[in-house]
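Visitor: Could you have a look at this structure, given as structure tokens, before my questions?
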Amino acid sequence: MKYNFHKSKFYQTLARVSEGNFARYLSFHLHQLFQKLNKYPNDIVIETASVCNLNCTICHSVKAELGRKNRFMSLALFKKIIDDITPICNTIGVSFCGEPLLNKDIFKMIRYASGKGMCVSMLTNGILLNADARMSILDSRLNFMAISMDGASNHTYESIRIGGSFDTLVENIRLLVKERNQRELHNPSIDLQMVVTQKNIHEVDIFEKLARELGVDRAYLKSLHIDRSREDVAYVKSLEKDYFVNSTSLPSRYITNEQGNLELKDKGLCPQKVRTPVITTDGEVLPCCFDIFGEHVLGNIANQRFWISGIQGNTSISDAIWLCTENCLCAPIVSHQITKR
Ligand SMILES: C[S@@+](CC[C@H](N)C(=O)[O-])C[C@H]1O[C@@H](n2cnc3c(N)ncnc32)[C@H](O)[C@@H]1O
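If you're matching positions, the sequence shown starts at -3 in my numbering and goes up one per residue.
Structural data, given as structure tokens:
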């Protein structure tokens, strides 16, 4: 049989290297190696709220009926999860589809997880960071906070993040950084992030300048995600037509092929798969953050153990996660750091 050079592993590796994706390729395989050595995920996303106070134009989670029974995770379920995963996992995030600051118990949750030695991160829209919330954040020992700011002017920000106020957000961030520094705290580290689209690309420089002025620790540009498995949804078409930026110098998960259609750059090369499962407000365990509708439920933490040590014949949810490594269709999240701590 004739050897097909173009389909060989060697050629594919060469193609990735020449596309400039070598670092990502290497990090993916290091993740795979680590995964082989360590069976359990050591980073788990816990969805503390599945509803949001904003209605962002690029975000599918707020437009879709996600099918969750509970909009907020209860404190009791959150504690049960933490107690269950503490022996195997040391990092959690408290945000998925909704806005975590809407959960009335969010600070109790963070304090509980921190008290168990967890490293805790939160992704928030920052609009609800009033004086009380800022004080609670600083008291909670939260480790990382990333704040979404998809524009660097009133007009751009407010036309993407519908329902948000740019001035309120900027003031909240300025005060949070100031109060953290006055209390001489190192935590949380505060990052700003912007999903780059046609609507805000002209403000990338202003975003970077604003991040420096506000004194945040880092600023990131992130790539747009388009859930193309749902091509009938009008918003998907709008993301492709009005938001996607065809650029090689900015973070992007897609390339435009010869027919002019969008194609994933690195299909199936997501380092997060399996390493970062998600637990929804209802306790359902999903393989990764691309499954916003909860279509690939691996178990439910409310009535199952996440992991079981050394008991022959019993299976736990983490065994299902372990087996769910094939056929991943998601594109890696691409982000560029543009300022340093
Ligand atoms: C769904 S939000 C939930 C957390 C929080 N409410 C917030 O606004 O940051 C999480 C992140 O997803 C980002 N996001 C929403 N839609 C996106 C898309 N189509 N592509 C890439 N990122 C997106 C948001 O900008 C935000 O940073």
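We put the CB at the ideal spot given by N, CA and C, even for glycine.
Straight-line CA distance for M69 to N99?
Guide: Straight-line Cα distance between these residues: approximately 8 angstroms.
Visitor: If you measure between the beta carbons of K218 and V192, is that distance less than 9 angstroms?
Guide: In this structure, V192 lies closer than 9 angstroms to K218 by Cβ.
Visitor: With a threshold of 7 angstroms on Cβ separation, who are the neighbours of K65 within its own chain once the five nearest residues in sequence on each side are excluded?
Guide: D278
Visitor: Between which two residues does the alpha helix (DSSP H) carrying L73 extend?
Guide: Where L73 is concerned, the enclosing alpha helix (DSSP H) stretches over 71 to 81.
Visitor: Taking 8 angstroms as the cut-off, is the beta-carbon of L119 closer than that to any non-hydrogen atom of ligand 1?
Guide: Distance from the C-beta of L119 to the nearest heavy atom of ligand 1 is below 8 angstroms.
Visitor: Does DSSP classify G111 as helix, strand or coil?
Guide: helix
Visitor: With a Cβ-Cβ cutoff of 9 angstroms, do C93 and C48 count as a contact?
Guide: yes
Visitor: With DSSP as the reference, identify every bridge partner of D128, one or two as the case may be.
Guide: Looking at the DSSP assignment, D128 forms no beta bridge with any residue, so it has no partner.
Visitor: Quick one: what does DSSP say Q255 is sitting in, helix, strand or coil?
Guide: coil
Visitor: Can you tell which of K59, F162, L138, C284 has the C-alpha that lies nearest to the C-alpha of G352?
Guide: This structure cannot speak to residue 352, because the chain is shown only from -3 to 337.
Visitor: Is F92 near ligand 1, judged by its Cβ being under 8 angstroms from some heavy atom?
Guide: Yes, Cβ of F92 sits closer than 8 angstroms to a heavy atom of ligand 1.
Visitor: Tell me whether T276 is buried or exposed, calling it buried when 16 or more other Cβ atoms sit within 10 Å of its Cβ.
Guide: It is buried - the Cβ of T276 has at least 16 other Cβ atoms within 10 Å.
Visitor: Alpha carbon to alpha carbon, what distance is there between T272 and N38?
Guide: Rounded to whole angstroms, the separation of the alpha carbons of T272 and N38 is 8 angstroms.
Visitor: Given this structure, state the Cα-to-Cα distance separating D341 from L172, to the nearest angstrom.
Guide: Absent from the model: residue 341. The displayed extent of the chain is -3 to 337, so no value can be given.
Visitor: E167 by DSSP, collapsed to three states: which one?
Guide: helix
Visitor: Along the chain, which unbroken stretches of the alpha helix (DSSP H) at least 4 residues long are found entirely within the region 142 to 227?
Guide: 150 to 156, 162 to 178, 200 to 210
Visitor: For a test of the three-state rule: what should DSSP assign to F140, helix, strand or coil?
Guide: strand
Visitor: Check whether the Cβ atoms of A215 and I123 sit closer than 9 angstroms, and answer yes or no.
Guide: no
Visitor: Does DSSP put C250 in a helix, in a strand, or in coil?
Guide: The amino acid occupying residue 250 in the given sequence is Tyr; Cys does not appear at that position. Of the three classes helix, strand and coil, the one that applies to Y250 here is strand, per DSSP.
Visitor: Please report how far the alpha carbon of D287 lies from the alpha carbon of T120, in whole angstroms.
Guide: Between D287 and T120, the C-alpha separation is close to 19 angstroms.
Visitor: Within 10 angstroms of its Cβ, does N168 collect 16 or more other Cβ (buried), or is it exposed?
Guide: buried
Visitor: Exposed or buried, R128, counting other C-beta atoms within 10 Å across all chains shown (16 or more means buried)?
Guide: First, the amino acid is wrong: residue 128 is Asp here, not Arg. D128 should be labelled exposed.
Visitor: In terms of alpha-carbon separation, which member of E61, I202, I54 lies closest to G290?
Guide: E61
Visitor: Please tell me whether I81 and I40 are closer than 9 angstroms, where the distance is taken between their beta carbons.
Guide: yes
Visitor: Please go through the same chain and pick out, in chain order, the residues whose beta-carbon is closer than 8 angstroms to the beta-carbon of E154, but skip the five residues on each side of it.
Guide: G147, G160, S161, F162
Visitor: Is there at least one non-hydrogen atom of ligand 1 closer than 8 angstroms to the beta-carbon of H292?
Guide: H292: no, Cβ never under 8 angstroms from ligand 1.
Visitor: What are the boundary residues of the beta strand (DSSP E) that V281 is part of?
Guide: 280 to 282
Visitor: Please report how far the alpha carbon of V241 lies from the alpha carbon of S117, in whole angstroms.
Guide: 29 angstroms
Visitor: Is any non-hydrogen atom of ligand 1 found closer than 8 angstroms to the C-beta of S57, if you look at the structure I gave you?
Guide: Because some heavy atom of ligand 1 lies under 8 angstroms away, the Cβ of S57 counts as near it: yes.
Visitor: Hey, how far is the Cα of M114 from the Cα of K76?
Guide: 14 angstroms
Visitor: Please go through the same chain and pick out, in chain order, the residues whose beta-carbon is closer than 6 angstroms to the beta-carbon of S46, but skip the five residues on each side of it.
Guide: So the qualifying residues of the chain are L62, R64, R67, C93, G94, T277.
Visitor: Say yes only if the C-beta of A215 is nearer than 8 angstroms to one or more non-hydrogen atoms of ligand 1, and no if none qualify.
Guide: no
Visitor: Have a look at C55, V281, E280 and flag the residue whose alpha-carbon is nearest the alpha-carbon of S144.
Guide: Out of C55, V281, E280, C55 has the C-alpha closest to the C-alpha of S144.
Visitor: Under a three-way DSSP split, which group does S91 fall into?
Guide: coil
Visitor: Buried or exposed, going by whether 16 or more other CB atoms sit within 10 Å of the CB of Q178?
Guide: exposed
Visitor: Just to check my reading of the structure: L134 and E180 have Cβ atoms closer than 8 angstroms, yes? What is that Cβ distance to the nearest angstrom?
Guide: About 11 angstroms separates the two Cβ atoms, so there is no contact after all.
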